């Protein structure tokens, strides 16, 4: 219970401070405040994909359907946060680069993540039988995860980028963020992560309950 | 993994699966017809629409890979779908280990793709007025791209052959996974079509991308195939 109160306090702080504090990047102006929400959303979208992949690996090793529920719930949340990150990113792109979409490498990779989530759900809905669905969906989640390093590390070398790459750390790994920005950004990152864990846990409880109810009905 | 009871090696078993697939394809010609006719149709549409306009090399490189991608999507799933539809998958599961089945199907898909390219590539240069400046780089990118394309889609084909809506799912599941490959292949082809100094050096990052993609995806497929194939 206590951590829900902590989450409430931190989230309130983030929402207020994000609008009251000076904008993080003076050159871009007021619009750069979206950074406080956009980056944590993208982070959660990727985190959820990692959770989903780990649960998929566990399912293939142990064959426990609970791990399949973990993978699915994480993917559902990841899809939601991925959508939010894509939309906020598109608005920010419109303000700074004057177009909603221009196939910058990070736009490409977040869009591919969105497509992977979509394909994952399409695959799940097309297979009958819980065990078979869990196994094939796990294989696809792992297979798709393996392509991410190419999109994150290799494609930016082939395509030119517009993304601000030095807003958190510069190329030598030094933190370039100002201390006031960090005071909002890191709590925001933590708040979004806790929010993800909380909703993930609720979703898992619902799906476990649903499966148990279905088993009762069969009996 | 070779089972201890059998005296044949992995290569011999894979070639046996490949031989069986080529034989059954020779009798029905289903996948060849689908992939070649789709390829020629798409090529005709592209040529009819933009062939004589004289667009920059970038656009021709992208169009070429769009033709290859969609033709591949129309035929490469057949290698597993036909096993499920004709109910022969169970017999294949009983008589062969998963890994040789994967290798046999992968080589079959690669050969199918090569056949498509052998027919599409000359026609493409005839029907659009694009000039090939560097043939060696072009064919290197084409072969590496085909290995990666076949390598990534063969596992997807095995997955969708077990699902209820097969045709539409294949392209949906394959596209996000193939995107890094397509970016590298289109970039490399672009450099082969345009007048570029020292083209292999200029396209080195694309070539590295294509080689590492093919190696990683085929390795992952070999490891994961067992889970898709076994009941």
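Residue numbers (the working numbering), protein chains in the order written: chain L, 617 to 835; chain H, -10 to 220.
Backbone N, C-alpha and C define an ideal beta-carbon position, used for all residues, glycine too.
From a predicted model like this one, the values you see are computed outputs, not experimental measurements.
A direct Cα-Cα distance of roughly 58 Å separates residue 825(L) from residue 126(H). Taking the Cα positions, residue 51(H) is about 11 Å away from residue 45(H). The DSSP-derived three-state label of residue 620(L) is helix.
The beta carbon of residue 85(H) sits closer than 7 Å to those of 2 and 6, all from its chain and outside the five residues before and after it, given in chain order. Between residue 159(H) and residue 66(H), the gap from beta carbon to beta carbon is short of 7 Å.
For residue 743(L), no alpha helix (DSSP H) segment is defined, and its DSSP state is neither H nor E.
DSSP places residue 650(L) outside any alpha helix (DSSP H), giving it a letter other than H or E. Boundaries of the alpha helix (DSSP H) around residue 214(H): 193 to 218.
In the structure shown, residue 42(H) falls within a coil segment according to DSSP collapsed to helix, strand and coil. The beta carbon of residue 148(H) falls within 7 Å of a beta carbon belonging to chain L, placing the residue at that interface.
Residue 662(L) is outside the set of residues whose beta carbon lies under 7 Å from a beta carbon in chain H. Residues of the region 65 to 86 of chain H that bring their beta carbon within less than 9 Å of a beta carbon in chain L are absent altogether. Taken residue by residue, none of the region 102 to 113 of chain H has a beta-carbon sitting less than 8 Å from a beta-carbon on chain L. For residue 76(H), no alpha helix (DSSP H) encloses it, and the DSSP letter there is neither H nor E. Burial state of residue 77(H) is exposed, judged by a 10 Å Cβ sphere holding fewer than 16 other Cβ atoms. Collapsing the DSSP output to three states places residue 22(H) in a helix.
Listed along chain L is no residue with a C-beta nearer than 7 Å to that of residue 6(H); the closest approach is about 20 Å.
Relative to the Cα of residue 810(L), the nearest Cα in the group 766(L), 828(L) and 657(L) belongs to 657(L). Pairing residue 150(H) with residue 211(H) gives a Cβ-Cβ distance that is not under 7 Å. Here the alpha carbons of residue 768(L) and residue 794(L) stand approximately 26 Å from one another.
For residue 16(H), none of the residues of chain L pass the 8 Å Cβ criterion, the least Cβ distance being about 30 Å.
Around residue 766(L), the beta-carbon contacts reaching into chain H at under 9 Å are 168, 169, 170, 172, 173, 198, 201, 202 and 205. Rounded to the nearest angstrom, the gap between the Cα atoms of residue 834(L) and residue 79(H) is 29 Å. In this structure residue 723(L) is buried. Its beta-carbon is surrounded by 16 or more other beta-carbon atoms within 10 angstroms. Shown here for residue 198(H): same chain residues with a beta carbon closer than 6 Å to its own, the five before and five after excluded, namely 173 in chain order. Not a single C-beta of chain L is nearer than 7 Å to the C-beta of residue 58(H). Residue 103(H) sits away from residue 59(H), with the two beta carbons spaced by 7 Å or more. Of all residues in the region 745 to 759 of chain L, those with a C-beta nearer than 8 Å to a C-beta of chain H are 748, 751, 752, 754, 755, 756, 758 and 759, reading in chain order.
Within the same chain, 760 come within 7 Å of residue 732(L) by CB-CB distance, once the 5 residues on both sides are set aside.
Linking residue 112(H) to residue 726(L) through their CA atoms gives a straight-line distance of about 36 Å. Chain-order list of chain L residues neighbouring residue 162(H): 735, 738, 739 and 756, by C-beta distance under 8 Å. As the crow flies, the alpha-carbon of residue 94(H) is around 13 Å from that of residue 13(H). Rounded to the nearest whole angstrom, the CA to CA distance from residue 738(L) to residue 694(L) is 15 Å. Comparing C-alpha distances from residue 672(L) to each of 797(L), 688(L) and 663(L) shows the shortest one belongs to 688(L). Listed along chain H are 213 and 216, each with a C-beta nearer than 9 Å to that of residue 676(L).
Taken in chain order, the unbroken stretches of alpha helix (DSSP H) that lie wholly in the region 643 to 724 of chain L and span 4 residues or more are 651 to 678 and 681 to 713.
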